[in-house]
Every structure is written in structure tokens, then in C-alpha cells.
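Following: one structure in C-alpha cells, then a few remarks.
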Amino acid sequence: MCDADRSLPLSDDISLALDVEAEETVIEQCRGRKRTRNVHNWKKNIRKRKRARSEKYTSTTGKAIPGKSFTAVDCHCPLKCAEKISDERQSAMRHQFSNLSDWSLQTTFICSQTKV
Ligand SMILES: [Zn+2]
Numbered sequence: 825m826c827d828a829d830r831s832l833p834l835s836d837d838i839s840l841a842l843d844v845e846a847e848e849t850v851i852e853q854c855r856g857r858k859r860t861r862n863v864h865n866w867k868k869n870i871r872k873r874k875r876a877r878s879e880k881y882t883s884t885t886g887k888a889i890p891g892k893s894f895t896a897v898d899c900h901c902p903l904k905c906a907e908k909i910s911d912e913r914q915s916a917m918r919h920q921f922s923n924l925s926d927w928s929l930q931t932t933f934i935c936s937q938t939k940v
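First residue of the sequence shown? That's 825 in my numbering, and the numbers climb one at a time after it.
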């Protein structure tokens, strides 16, 4: 009897093990009655992301906040920032900043790019 068991091809054993695992995960999903939290789709968090990306959003009080579009800045300071940093570079930086879509990441970005 033992010899017969050993002669079974290894691949069968593996597929059996996988089947059992798959069945267990299905049971796990059905067990809970409550819905899973989908934090990503919360109204509050959608608004938060839109705001961080400078897109238009509706505030908590129902006010429509318009999105901001990029405009190149010339600060006219003695360091000649506008000459050193081209409009394209400014636009690229702004794009990079917006794409972080998270206030704390954006703050970290600013802190890492500036010297005080
Ligand atoms: Zn400047």
C-alpha cells in the first residue's frame, strides 16, 4: 500500500494541495457578514486626493472648488529663479508634485527639495 502511494506522480500531490488551499480561502471570504472597508473610495478620501492634485472638488460644505491650472512663475528676485528654472522644468516639477496626490508626501517632497 505504501509503495503505491509513493509511486504517485509529484505533480498530482501539488495540485491537490492547491485545491485545498483555494477552497479554504473561499470559506474565509464567506464567513464574515460585514462588508470590507474600502478606504480608497470614501468620499472624504476621494476629495482629499482631488484637492492634493489641484483638481476641482466639492468641499464638505457643498461648495464647488475649481481646479488650479499651472502658470509659470517669475519671482523677479536677485537669484534669477525664472532664468535658472525654465517653464518646462517648473511645469514638470508641478506635475510631479501633483501626482503625489497626498498632502504628507507633498510636504516631504518640498522639504527634500528646499534648503532653509
Ligand atoms: Zn526667486
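For every residue, glycine included, the Cβ atom is placed at its ideal position computed from N, Cα and C.
Report task. Just the C-alpha distance for Leu924 and Asp898, rounded to the nearest angstrom, thanks. Result -> The alpha-carbon atoms of Leu924 and Asp898 are separated by roughly 24 Å.
**Report entry** Host alpha helix (DSSP H) of Ile870 (start-end)
**Finding:** Per DSSP, Ile870 belongs to the alpha helix (DSSP H) from Lys867 to Ala876.
Query raised in the report: Just the Cα atoms here: how many angstroms apart are Cys942 and Arg857?
Result: Look at the range of the chain in this structure, 825 to 940, and you will see that residue 942 is not part of it.
Report task. Return the chain-ordered list of same chain residues with a C-beta closer than 8 Å to the C-beta of Ala876, the five sequence neighbours on each side being excluded. Result -> Only Ser922, Leu924, Ser925, Asp926, Trp927 and Gln930 meet the Cβ criterion.
**Report entry** 7 Å CB neighbourhood of Phe933 in its chain, flanking five on each side removed
**Finding:** Within the same chain, Phe933 has close Cβ partners Phe921 and Leu924.
Query raised in the report: Taking C-beta to C-beta, are Gln914 and Ala888 nearer than 7 Å?
Result: For the 7 Å CB-CB criterion, Gln914 and Ala888 do not form a contact.
**Report entry** Cα-Cα separation, Thr938 to Pro890
**Finding:** Taking the straight line joining both Cα atoms gives about 28 Å.
**Report entry** Under 6 Å, CB to nearest heavy atom of ligand 1: contacting residues
**Finding:** With 6 Å as the limit, the residues whose C-beta approaches a heavy atom of ligand 1 more closely than that are Cys899, Cys901, Leu903 and Cys905, in chain order.
**Report entry** Lys887: first and last residue of the uninterrupted alpha helix (DSSP H) it sits in
**Finding:** Lys887 -> no alpha helix (DSSP H), and no H or E assigned at all.
Query - Cβ shell of Phe894 (< 7 Å), same chain only, five flanking positions each side left out - result: Ser915 and Arg918, listed in sequence order.
Query raised in the report: Which value, in whole angstroms, describes the spacing of the CA atoms of Ser883 and Ile870?
Result: Distance between the alpha carbons of Ser883 and Ile870 is about 11 Å.
Query raised in the report: With distances taken between CB atoms, is the gap from Lys892 to Tyr881 smaller than 7 Å?
Result: Going by C-beta atoms, Lys892 is not nearer than 7 Å to Tyr881.
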